[in-house]
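**Student:**
Protein chains in written order, with this note's numbering: chain D, 15 to 264; chain A, 64 to 370.
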């Protein structure tokens with residue numbers, strides 16, 4: 015095995031060993047969201063011609079992908095930094111590109127695993143369509159990649175768990191919660207519709223949902239462009255950070 | 064014998080703190096080399112720079128001929144570092160930890176060598192125990208094992224015996240000495256000067272980021288000439304002024320510096336003639352601690368003179 019393969023394997027093993035907390039728990043949370051919101055809103059509400067419970071499911075799946083991808087790389091890095099065990103991955107002949115890929119792919123896979131779990135559990139509650147499966151996969155992978163990279167940035171930047179929690183609760187959570195997981199932005203006042211267009215997570219959710227129902231708030235080609243560009247920006251920023259050795263190699 | 068580690072005019076500042084101030088060192092293949100100095104002298108910074116954990120502001124570092132920055136893959140493959148801090152990854156067992164560490168170096172199916180290391184470090188019984196459940200001494204052994212999974216020709220041990228019991232210390236040194244005999248270059252930093260004296264063929268002393276002494280252990284010991292004779296006397300009021308002037312008083316005794324054994328007998332004769340009786344007597348050879356203290360003192364005086 016190469017250094018990259020081992021680091022990837024280690025990162026997967028790390029969350030898999032505590033799978034109850036890292037995979038089962040977020041699936042459970044998403045299921046609770048679905049039960050509560052669909053109970054309250056399903057009978058009375060349709061969004062873009064789709065029953066509310068069905069509309070909500072892709073949003074919950076993507077939210078799980080995003081939050082877990084972020085959690086994986088950020089918590090792994092900050093734990094390694096705080097405990098000092100990060101030296102074990104800094105001493106071997108592993109390049110910064112391999113380092114980046116291992117953490118991001120592991121984060122992506124954890125996100126996809128949780129997302130799939132949420133999909134399997136929730137699809138029993140509402141009839142789902144899969145109009146464009148490739149779009150579903152593309153947005154899930156890109157969304158996981160963006161959040162995996164952001165998680166790396168947060169994990170490298172934060173010196174304490176407190177700072178990481180701040181990053182997560184005051185940046186990642188608002189961006190995901192206010193991205194249209196629970197609603198179509200057409201239901202928002204015009205000003206907030208405009209604001210939502212500056213949230214990259216909105217595009218991730220909108221494009222992902224398009225893959226299921228074939229309807230979206232924004233033209234899906236534009237959405238794919240925005241999401242791909244976002245991934246490139248975040249990935250390049252992460253690579254630049256790793257290359258500089260910021261807070262890892264002094 | 065080639066050069067295992069080459070360090071040339073290395074500078075490193077952390078903000079306004081100058082951690083390394085133009086360090087140059089060559090360590091030959093197969094040496095057992097000691098790096099000594101007070102806390103904050105730059106030992107760990109120097110080792111970290113060698114390992115690529117710290118990026119120097121100026122200067123170059125080579126491990127077995129490979130630049131640690133430009134040829135970092137080759138350099139790191141040849142270097143095994145036992146870090147000073149007792150760090151571990153709490154998710155894995157000892158064997159998993161060692162397999163993963165092997166994988167980082169691109170080595171698969173390393174179990175034969177892993178078993179041998181475990182055996183030598185007396186860890187075989189703990190192979191499948193989670194890292195969290197190990198005692199401090201056991202964790203320290205695993206750190207040593209992790210540094211050796213890729214059979215590095217150069218092994219760096221940063222304070223490996225801090226807080227480690229005597230038994231492990233002995234076992235560890237036997238193992239490291241064996242590796243040294245098999246041709247591995249060993250670089251050691253330690254606070255236990257008697258360890259350095261017993262193990263290291265050559266020693267560099269660092270202070271404030273500079274090398275203030277670099278020589279074979281024998282030559283360093285020879286710098287402090289002679290022996291010290293400590294006498295505890297009855298009737299010490301009788302001790303003549305000529306003898307008092309040659310001695311320093313410490314802990315109720317008189318300490319005389321002698322150039323060699325041959326000076327001891329005449330001194331004792333003088334003491335007897337003066338009418339003093341001998342209550343206790345200690346003759347000590349100089350050790351590395353004396354050398355260390357005298358080098359550090361010289362250095363302090365020299366830097367005072369400069370400023």
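Here a beta-carbon is modelled for each residue, glycine too, at the ideal position from N, C-alpha and C.
I'd like to know whether the C-beta atoms of residue 89 of chain A and residue 69 of chain A end up nearer to each other than 7 angstroms.
**Tutor:** Yes; because the gap between Cβ atoms is below 7 angstroms, this pair is in contact.
**Student:** Less than 8 angstroms between the CB atoms is what I'm expecting for residue 147 of chain A and residue 209 of chain A, so what's the real figure, rounded?
**Tutor:** 14 angstroms between Cβ atoms; not a contact.
**Student:** Pairs of beta-carbons, one from the segment 132-149 of chain A and one from the segment 216-227 of chain A, closer than 8 angstroms: are there three or more?
**Tutor:** Because the criterion of three Cβ pairs below 8 angstroms is met, the segment 132-149 of chain A and the segment 216-227 of chain A touch.
**Student:** Select from the segment 188-199 of chain A all residues with a C-beta closer than 8 angstroms to any C-beta belonging to chain E, and list them in chain order.
**Tutor:** No chain E is part of this structure, whose protein chains are labelled D and A.
**Student:** Might you give, ordered along the chain, the residues of its own chain that have their beta carbon closer than 7 angstroms to the beta carbon of residue 227 of chain A, omitting 5 neighbours on each side?
**Tutor:** Closer than 7 angstroms at Cβ, skipping near neighbours: 200 and 203.
**Student:** Under DSSP, the beta strand (DSSP E) around residue 142 of chain D begins and ends at which residues?
**Tutor:** No beta strand (DSSP E) contains residue 142 of chain D, which DSSP labels as neither H nor E.
**Student:** Taking 7 angstroms as the CB-CB limit, is residue 112 of chain A close to chain D?
**Tutor:** No, no contact with chain D.
**Student:** Closest Cβ-Cβ distance between residue 104 of chain D and chain A: below 7 angstroms?
**Tutor:** Taking Cβ atoms only, chain A reaches closer than 7 angstroms to residue 104 of chain D, which makes this a yes.
**Student:** Pick from D/34, D/71 and D/33: whose alpha carbon is nearest that of residue 223 of chain D?
**Tutor:** Among D/34, D/71 and D/33, the Cα nearest to that of residue 223 of chain D belongs to D/71.
**Student:** State buried or exposed for residue 183 of chain A, treating a residue as buried only when at least 16 other CB atoms are found within 10 Å of its CB.
**Tutor:** Per the 10 Å Cβ criterion, buried.
**Student:** For a contact defined as C-beta to C-beta under 7 angstroms, what are the partners of residue 164 of chain A on chain D?
**Tutor:** Chain D residues near residue 164 of chain A: 102.
**Student:** Could you work out which residues of chain D lie near residue 118 of chain A, taking near to mean beta carbons separated by less than 8 angstroms?
**Tutor:** The contacting residues are 259, 263 and 264.
**Student:** Please list the residues of the segment 127-155 of chain A that have a C-beta atom closer than 9 angstroms to any C-beta atom in chain D, keeping them in chain order.
**Tutor:** Of all residues in the segment 127-155 of chain A, 135, 136, 137, 138, 139, 140, 142, 143, 144, 146, 148, 149, 150, 151, 152, 153, 154 and 155 have a Cβ within less than 9 angstroms of some Cβ in chain D.
**Student:** If you follow the alpha helix (DSSP H) that residue 297 of chain A is in, where does it begin and where does it stop?
**Tutor:** Run containing residue 297 of chain A: none in the alpha helix (DSSP H); it sits in the beta strand (DSSP E), 290-297.
**Student:** Do residue 191 of chain D and residue 83 of chain D count as a contact pair if the criterion is CB distance below 7 angstroms?
**Tutor:** Cβ atoms of residue 83 of chain D and residue 191 of chain D: not closer than 7 angstroms.
**Student:** May I ask you to verify whether the segment 80-97 of chain D touches the segment 163-181 of chain D, counting CB pairs closer than 8 angstroms and requiring at least 3?
**Tutor:** Touching, yes.
**Student:** Sorted by chain position, which residues of the same chain lie with C-beta nearer than 7 angstroms to residue 242 of chain D's C-beta, five sequence neighbours on each side aside?
**Tutor:** If we look at residue 242 of chain D and ignore the five residues flanking it on each side, its Cβ neighbours are 156.
**Student:** With a cut-off of 8 angstroms, do at least 3 Cβ pairs link the segment 346-355 of chain A to the segment 255-263 of chain A?
**Tutor:** With a cut-off of 8 angstroms, the segment 255-263 of chain A and the segment 346-355 of chain A count as touching, because enough Cβ pairs lie within range.
**Student:** What first and last residue would you give for the beta strand (DSSP E) that runs through residue 311 of chain A?
**Tutor:** Per DSSP, residue 311 of chain A belongs to the beta strand (DSSP E) from 310-313.
**Student:** Can you tell me whether DSSP reads residue 191 of chain D as helix, strand or coil?
**Tutor:** Here residue 191 of chain D sits in helix by DSSP.
**Student:** My understanding is that residue 117 of chain A touches residue 263 of chain D, with C-beta atoms under 8 angstroms, so please give their C-beta distance in whole angstroms.
**Tutor:** Going by Cβ atoms, the distance from residue 117 of chain A to residue 263 of chain D rounds to 7 angstroms, so yes, they are a contact pair.
**Student:** Between which two residues does the alpha helix (DSSP H) harbouring residue 53 of chain D extend?
**Tutor:** Residues 39-55.
**Student:** Note the first and the last residue of the continuous beta strand (DSSP E) segment covering residue 126 of chain A.
**Tutor:** Taken as a continuous stretch (DSSP letters only), the beta strand (DSSP E) holding residue 126 of chain A covers 121-126.
**Student:** Can at least three beta-carbon pairs, one atom from the segment 101-121 of chain A and one from the segment 231-241 of chain D, be found at a separation below 8 angstroms?
**Tutor:** As far as the Cβ criterion goes, the segment 101-121 of chain A does not touch the segment 231-241 of chain D, which means the pair count is below three.
**Student:** Provide the residue span of the beta strand (DSSP E) that contains residue 219 of chain A, from first to last.
**Tutor:** Run containing residue 219 of chain A: 217-221, per the beta strand (DSSP E) assignment.
**Student:** Would you verify that the beta carbon of residue 165 of chain D is, or is not, closer than 7 angstroms to some beta carbon of chain A?
**Tutor:** Answer no: the Cβ-Cβ gap between residue 165 of chain D and chain A never drops below 7 angstroms.
**Student:** By Cβ distance, which residues of its chain are closer than 7 angstroms to residue 301 of chain A, with the 5 residues on each side in sequence left out?
**Tutor:** 337, 338 and 339, listed in sequence order.
**Student:** Does the Cβ of residue 206 of chain D have 16 or more other Cβ atoms within 10 Å, making it buried, or fewer, making it exposed?
**Tutor:** By the neighbour-count rule (16 or more Cβ atoms within 10 Å), residue 206 of chain D is not buried but exposed.
**Student:** For residue 20 of chain D, return the contacting residues in chain A, with the cut-off set at a CB-CB distance below 7 angstroms.
**Tutor:** Chain A residues near residue 20 of chain D: 163, 166 and 167.
**Student:** Residue 344 of chain A bridges to which residues according to DSSP?
**Tutor:** Partner(s): A/294.
**Student:** Shortest alpha-carbon distance to residue 181 of chain D belongs to which of D/159, D/88, D/16 and D/140?
**Tutor:** The shortest Cα separation from residue 181 of chain D among D/159, D/88, D/16 and D/140 belongs to D/88.
**Student:** Taking the C-alpha atoms as reference points, what is the distance between residue 138 of chain A and residue 130 of chain A?
**Tutor:** So the alpha carbons of these two residues sit roughly 6 angstroms apart.
**Student:** Can you grab the Cα-Cα spacing for the pair residue 272 of chain A / residue 67 of chain A, in whole Å?
**Tutor:** Using only the alpha carbons, I get a separation of about 21 angstroms.
**Student:** For residue 263 of chain A, which of A/269, A/274, A/216 and A/278 has the nearest alpha-carbon?
**Tutor:** It is A/278 whose Cα lies nearest to the Cα of residue 263 of chain A.
**Student:** From D/65, D/149 and D/34, pick the residue whose C-alpha is nearest to that of residue 228 of chain D; which is it?
**Tutor:** With distances taken between Cα atoms, residue 228 of chain D lies closest to D/149.
**Student:** Check each candidate in A/77, A/91, A/96 and A/79 and name the one with the smallest Cα separation from residue 267 of chain A.
**Tutor:** Comparing Cα positions, the closest option is A/96.
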